[in-house]
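Q: Count along the sequence shown from 1, add 332, and you get the number used in our numbering.
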Amino acid sequence: MSIASLIDPITPDGGHTRFDNLDHWLQGRTLYGGASALIAYTAAVRAFPDLPPLRAAQVAFVAPTAPEAELRREIVRQGRNVAQVRSEIWCEGKCTLTAFWLFGTSREANATHPAAPIADWPGPPEEAETAMKGKGPAFIQHNFEIRRAQDIRGPGDPVVRRWARLEDREGLDPVSELILLGDVMPPGAMRAMKRQGPISSINWSFNLLEPAPTTRDGWWLSENASQHADDGYSSERLRLWNADGKQVLDGMQSVAIFG
333 MSIASLIDPI
343 TPDGGHTRFD
353 NLDHWLQGRT
363 LYGGASALIA
373 YTAAVRAFPD
383 LPPLRAAQVA
393 FVAPTAPEAE
403 LRREIVRQGR
413 NVAQVRSEIW
423 CEGKCTLTAF
433 WLFGTSREAN
443 ATHPAAPIAD
453 WPGPPEEAET
463 AMKGKGPAFI
473 QHNFEIRRAQ
483 DIRGPGDPVV
493 RRWARLEDRE
503 GLDPVSELIL
513 LGDVMPPGAM
523 RAMKRQGPIS
533 SINWSFNLLE
543 PAPTTRDGWW
553 LSENASQHAD
563 DGYSSERLRL
573 WNADGKQVLD
583 GMQSVAIFG
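Written out as structure tokens, the structure reads:
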């Protein structure tokens, strides 16, 4: 029922949509960013079912998203190989999320260069220690299983790396799963904060490194690393690997650091 509450109400027609039973997906007073991004993505692909595979996205978290929403989506341009689609969530007459999705057909490779092997491989998820049990926001406690993937605890290098998987993946294709899970970790800047305080994702941009990523038993290795933090903001690099250490997503995010 958890995943269904996010995607079942979405129709190809878009427009006014009500989402019920979303308490388990909240982060403070808004939807968890991955959940709202999944809603926007699902609205796009259900409206335009003949799109090629997703290759990249830019998502802006503009304002808190509520259960009563209007879903808007349009094809901005569709060429021979690439389609660019915009989808938005509006609540109470204001845009709360806007996303730009880039879909592209496969072509004969003129350049081949695999992602670099992961540094400091933490070992397989099956051998990792459980983390965040009984801690963290509601959306983590009710929807994700988290395991440790680094020795560091508390302050230190501004990197957060964890194994993560969805408790309920029924009905999700691999790309939707990554969108829902890709924003699950707190920012790496959390380890450099002088005191505890609220944090908020402002945007998220990512490239998918393959159109149909796969992993073992739903496990993905998620890493958020702060590249620079000052003036209340952190520039973060977000990466995801599958259970065998193959990178499947490369992204960036801007995070507001309060407190």
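We treat Cβ as the ideally placed atom computed from N, Cα and C, and that holds for glycine.
All values derive from a computational prediction rather than experimental measurement.
Rounding to the nearest angstrom, what Cα-Cα distance links alanine 372 and serine 334 in this structure?
A: Numbered from 1 along the sequence shown, position 40 holds the residue referred to as residue 372. Numbered from 1 along the sequence shown, position 2 holds the residue referred to as residue 334. The straight-line gap from Cα to Cα measures roughly 17 angstroms.
Q: Could you round the C-beta distance between arginine 405 and alanine 375 to whole angstroms and report it? I think they count as a contact, below 8 angstroms.
A: If you number the sequence shown from 1, residue 405 lands on position 73. If you number the sequence shown from 1, residue 375 lands on position 43. Contact holds; Cβ gap of about 5 angstroms.
Q: If the criterion is Cβ atoms closer than 8 angstroms, does the pair valine 414 and glycine 436 meet it?
A: Start at 1 with the first residue of the sequence shown, and residue 414 comes out as number 82. Start at 1 with the first residue of the sequence shown, and residue 436 comes out as number 104. It is a contact, given that the beta carbons lie within the stated cut-off.
Q: Pairing CB atoms from the region 517-536 with CB atoms from the region 435-450, are three or more of them under 8 angstroms?
A: They do not touch, by the three-pair rule.
Q: If you follow the beta strand (DSSP E) that serine 567 is in, where does it begin and where does it stop?
A: Position 235 of the sequence shown, counting from 1, holds the residue named residue 567. From DSSP, the beta strand (DSSP E) with serine 567 extends over 565-574.
Q: Express the C-alpha separation of threonine 546 and valine 408 in angstroms, rounding to a whole number.
A: Position 76 of the sequence shown, counting from 1, holds the residue named residue 408. Position 214 of the sequence shown, counting from 1, holds the residue named residue 546. Cα to Cα, valine 408 sits roughly 30 angstroms from threonine 546.
Q: Identify every residue that forms a DSSP beta bridge with isoleucine 407.
A: The residue given as residue 407 occupies position 75 in the sequence shown. Beta-bridge pairing links isoleucine 407 to Val417.
Q: By DSSP's criteria, tryptophan 552 is part of a beta bridge. Which residues make up the other side?
A: Residue mapping note: residue 552 aligns to position 220 of the sequence shown, counting from 1. Tryptophan 552 pairs with Ala496 and Asn574.
Q: With a threshold of 6 angstroms on Cβ separation, who are the neighbours of proline 450 within its own chain once the five nearest residues in sequence on each side are excluded?
A: In the sequence shown, the residue the question calls residue 450 occupies position 118. In the sequence as presented, proline is not what sits at residue 450; that position holds isoleucine. Taken in chain order, the residues that qualify are Trp573 and Gly577.
Q: Would you check if the region 356-363 and the region 463-473 touch, i.e. whether three or more CB-CB distances between them fall below 8 angstroms?
A: With a cut-off of 8 angstroms, the region 356-363 and the region 463-473 count as touching, because enough Cβ pairs lie within range.
Q: Leucine 358 by DSSP, collapsed to three states: which one?
A: In the sequence shown, residue 358 corresponds to position 26, counting from 1. Three-state result, leucine 358: strand.
Q: On the three-state DSSP scale, how would you describe histidine 445?
A: Here residue 445 is taken as the residue at index 113 of the sequence shown, counted from 1. Looking at histidine 445 - three-state DSSP - the assignment turns out to be coil, as it is neither helix nor strand.
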